[in-house]
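In the working numbering, the protein residues as written are 25 to 694.
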């Protein structure tokens, strides 16, 4: 009897144990399904975000290659202008020799009384022949080549704008394609979706990338502050300006989202349209941005000049270079001395503008062009450099700003200039507009190499008498230059960080596709325990995730970054194709947008995240602030002979591109 009771008790414990095992297996099964599907959703989001960033990195690298081509083309224009000036200087030597008084003095009293000029003319005959040949080749070229090349630069700049739109379309498509490839092949099928929020976040990225000043930061700040309860559980009063966010953490994560400098809540565009006439990203005239854009391009071009453009010296005669070091107790003195005697052939070509231009009065935007000057003189030149270091006990050593100056004397042998300008009135007319030998010797170097050294003082003065500095427009000035091209450069804040804006993809999976044992569909109830456990609260942006809250949801972010090859020390820029992509942690602002704490639709002014609404916003922004200004600039800068033929072609091509992009995006999102 006792044995039977024990067997009965063992059976109870056995059944209980089997039940526990069954329950454990169900829990393990459900947990495995949840883990599998969660990993699937996260992997799909990671891959889609990374793919979007990779496409943008490709776009940045293409910009870098075309920017290099634009600068190289610009420098080639400068080479032609330099050749024209250089050849003219030698070809015009007889004019100088026959007019300068010293050369008219006789060498001997005997008949036919040869003058100094006669001897100098014979001695410089090889240079004159060389100059005539160079002038014969360069002058016809300088009338045609700059127009062709600058027009080509304008077209490449427009191509960058068109490729920006094409890249956006590709980013939209690749997200859907990548997520679709993560759909599992299992019984009953599987569902994985790119949430409509992804497209809105991509448009927000597009605006911050190209037109950061269009983003209503004040609205964003208001929602951001209101979403965080103040001490005591009350909501703080929204700030009237950016100073309302006083917490360093708040400023840091908001600056991260805006892509601005840490602590700076002013949005900063990543890719800035470097076009003096159309630099304002919101279409509002901005004289400061226009001037800065023009100067930025000019500084870049002048920095990239080679020796031929920057400082072409062909001197004949003995020279001396001497360096002396002195130590006088607490004073350390270094004296650099260089001297030259003979014929100085010196010149330079620079990308400059004329502050006294009569064609751009009132525009406040400098109109740049190429200016080249070459001087030849017989004489001497001495340059002195002085460096002083003061070393005191306890205080240490201090370097005094170096002192450099030069002096010399010479007589003219030849000189010439050539200018390539956009409009009549942009050219310089008189020597002082180019600089003076006094300025070059005592104050600072001019951008024309050593052409203004004191040895050329008499040449510079006589050149004003012979009107070589622009008054003789027929010989020394060429019109038809298209001006500074329009292309994308890296914004200041992003040149410092070397990172792009944040690319975010939102991926969701309906809970009906998560085949757990307590799935609502399996239990035939509308709201299951699984949904209650995973959906802690109602999201006011349910429509942004697909129209309901019965979903497994996640977001992933990525960015592009400047990654030069190992061993190459280079700061971030938009001229080197070293941009790559990487995943990043979603910013706090993006997390708040995804959770509904910040209403992105309200920030962007959208009624909903439907395909027609978001695509319409993008096309309006891209057309008004990228494509149409690019078309206008291209047609404005094309040579008059080409413009009438090119205008309908460019309009038709751009219209077709926009139509195809719009149709492609609508097809992808619907």
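Where is the CB? At the ideal position from N, CA and C, for every residue including glycine.
| Asked | Found |
| --- | --- |
| In terms of alpha-carbon separation, which member of 414, 358, 200 lies closest to residue 348? | 358 |
| If you reduce the DSSP assignment to three classes, tell me which class residue 577 lands in. | strand |
| Determine the burial state of residue 494: buried for a count of at least 16 other Cβ atoms within 10 Å of its Cβ, exposed for fewer. | buried |
| Looking at residue 503 and residue 447, is the spacing between their C-beta atoms short of 9 Å? | yes |
| Taking the alpha-carbon positions, what's the residue 22 to residue 657 distance? | Beyond the ends of the chain as shown, which are 25 and 694, falls residue 22; an answer cannot be given. |
| Would you tell me roughly how many angstroms separate the C-alpha atoms of residue 372 and residue 192, rounded to the nearest one? | 44 Å |
| Between which two residues does the beta strand (DSSP E) harbouring residue 339 extend? | Run containing residue 339: none; DSSP gives neither H nor E here. |
| I'd like to know whether the C-beta atoms of residue 662 and residue 175 end up nearer to each other than 9 Å. | yes |
| Bridge partners of residue 513, per DSSP? | 296 |
| Quick one: complete beta strand (DSSP E) runs, 3+ long, within the stretch 63-141? | none |
| My output table needs one value for residue 330: the three-state DSSP class, helix, strand or coil. | coil |
| Taking the continuous beta strand (DSSP E) assigned at residue 362, which residues delimit it? | 355-377 |
| Kindly give me the distance between the Cβ atoms of residue 406 and residue 482, rounded to whole angstroms, as I take these residues to be in contact under 8 Å. | Contact flag wrong, Cβ pair sits at about 16 Å. |
| Sort 603, 671, 526 by Cα distance to residue 612 and report the nearest one. | 526 |
| Taking 9 Å as the threshold (C-beta atoms), are residue 298 and residue 510 in contact? | yes |
| Pull up the DSSP beta-bridge partners for residue 533, would you. | 576 |
| Please report the distance separating the alpha-carbon of residue 624 from that of residue 639. | 15 Å |
| Whole angstroms are fine: how far does the CA of residue 249 sit from the CA of residue 242? | 11 Å |
| Of the choices 360, 112, 61, whose alpha-carbon is the least far from that of residue 155? | 112 |
| In the DSSP output, what is residue 173 paired with across the bridge? | Beta-bridge pairing links residue 173 to no other residue. |
| Contact defined as beta carbons within less than 8 Å: I believe residue 402 pairs with residue 361. What is the distance between those atoms, to the nearest angstrom? | With 8 Å as the limit, residue 402 and residue 361 do not qualify as a contact, their Cβ atoms being about 22 Å apart. |
| Given 8 Å as the limit, is there contact between the stretch 206-215 and the stretch 81-96, that is, 3 or more CB pairs closer than that? | no |
| Considering only the beta carbon of each residue, do residue 393 and residue 445 sit closer than 9 Å? | yes |
| In chain order, what residues of the same chain have a beta carbon less than 7 Å from the beta carbon of residue 131, not counting five sequence neighbours either side? | 138, 139, 140, 143 |
| Kindly give me the distance between the Cβ atoms of residue 650 and residue 234, rounded to whole angstroms, as I take these residues to be in contact under 8 Å. | 7 Å |
| From residue 100 to residue 500, what does the alpha carbon distance come to, in whole angstroms? | 19 Å |
| Taking the C-alpha atoms as reference points, what is the distance between residue 597 and residue 129? | 59 Å |
| Can you give me the Cβ contacts of residue 342 inside the same chain, cut-off strictly under 8 Å, excluding the 5 residues immediately before and after it? | 364, 365, 366 |
| How far does the beta strand (DSSP E) with residue 426 in it reach, from first residue to last? | 420-444 |
| Does the distance from the C-beta atom of residue 215 to that of residue 533 stay below 9 Å? | yes |
| Count the CB pairs spanning the stretch 581-590 and the stretch 602-611 that are closer than 8 Å, and state whether there are at least three. | yes |
| So within the stretch 230-255, which uninterrupted alpha helix (DSSP H) runs reach at least 4 residues, ignoring any that extend past its ends? | 241-250 |
| Could you check whether residue 170 and residue 506 sit closer than 9 Å to each other, using their CB atoms as the reference points? | yes |
| Please state the DSSP three-state secondary structure of residue 410. | strand |
| Are the CB atoms of residue 391 and residue 472 nearer to each other than 9 Å? | no |
| For residue 454, does the three-state DSSP call read helix, strand or coil? | coil |
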